[in-house]
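Q: This is the structure I want to talk about, given as structure tokens.
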Amino acid sequence: MFNLSRRRRRQLRFWGFALLLVWLLGIAAAHNVTMFVGYTAVALVAITVDLTSGRRHRGRRRRRARSRRPRVHRARRAA
1 MFNLSRRRRR
11 QLRFWGFALL
21 LVWLLGIAAA
31 HNVTMFVGYT
41 AVALVAITVD
51 LTSGRRHRGR
61 RRRRARSRRP
71 RVHRARRAA
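Residue 77 in the UniProt record's numbering is what sits at position 77 of the sequence shown, and the numbering runs on without skipping anything.
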């Protein structure tokens with residue numbers, strides 16, 4: 001596996017779905033409607049799996065609490 005930034009993953013997902021759409025349109029143009037419906041069902045399953053695969057990682061992040069920073073501006077007490 002390799003790590004990608006969120007922006008790069010979003011771009012790859014977008015272009016993957018765009019390519020899938022073009023492929024489905026090509027299937028529809030070259031074959032009959034039954035074949036198109038079958039490939040559309042496969043594409044919908046692929047999209048559903050892709051969108052639900054990362055949900056388990058989207059929970060609350062488990063990080064240690066940040067240490068408290070010292071305050072820079074302290075209110076002066078009136079004498």
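We put the beta carbon where it would ideally sit given N, CA and C, even for glycine.
Just reading off the alpha helix (DSSP H) that R68 is part of, what are its end residues?
A: Indexing the sequence shown from 1 puts residue 68 at position 68. Element bounds for R68: n/a, residue is neither H nor E.
Q: DSSP three-state call for R10: helix, strand or coil?
A: Your numbering for residue 10 matches position 10 in the sequence shown. Reduced to three states, the DSSP call for R10 is helix.
Q: Quick check: what's the CA-CA separation for T34 versus L20?
A: Here residue 34 refers to the residue found at position 34 of the sequence shown. Here residue 20 refers to the residue found at position 20 of the sequence shown. Between T34 and L20, the C-alpha separation is close to 18 Å.
Q: Measure the alpha-carbon distance for R8 versus F14 and round it to whole angstroms.
A: The sequence position of residue 8 within the sequence shown is 8, counting from 1. The sequence position of residue 14 within the sequence shown is 14, counting from 1. In a straight line, the C-alpha of R8 is about 10 Å away from that of F14.
Q: Between which two residues does the alpha helix (DSSP H) holding S53 run?
A: The residue you call residue 53 lines up with position 53 of the sequence shown. Here the alpha helix (DSSP H) through S53 covers 33–53.
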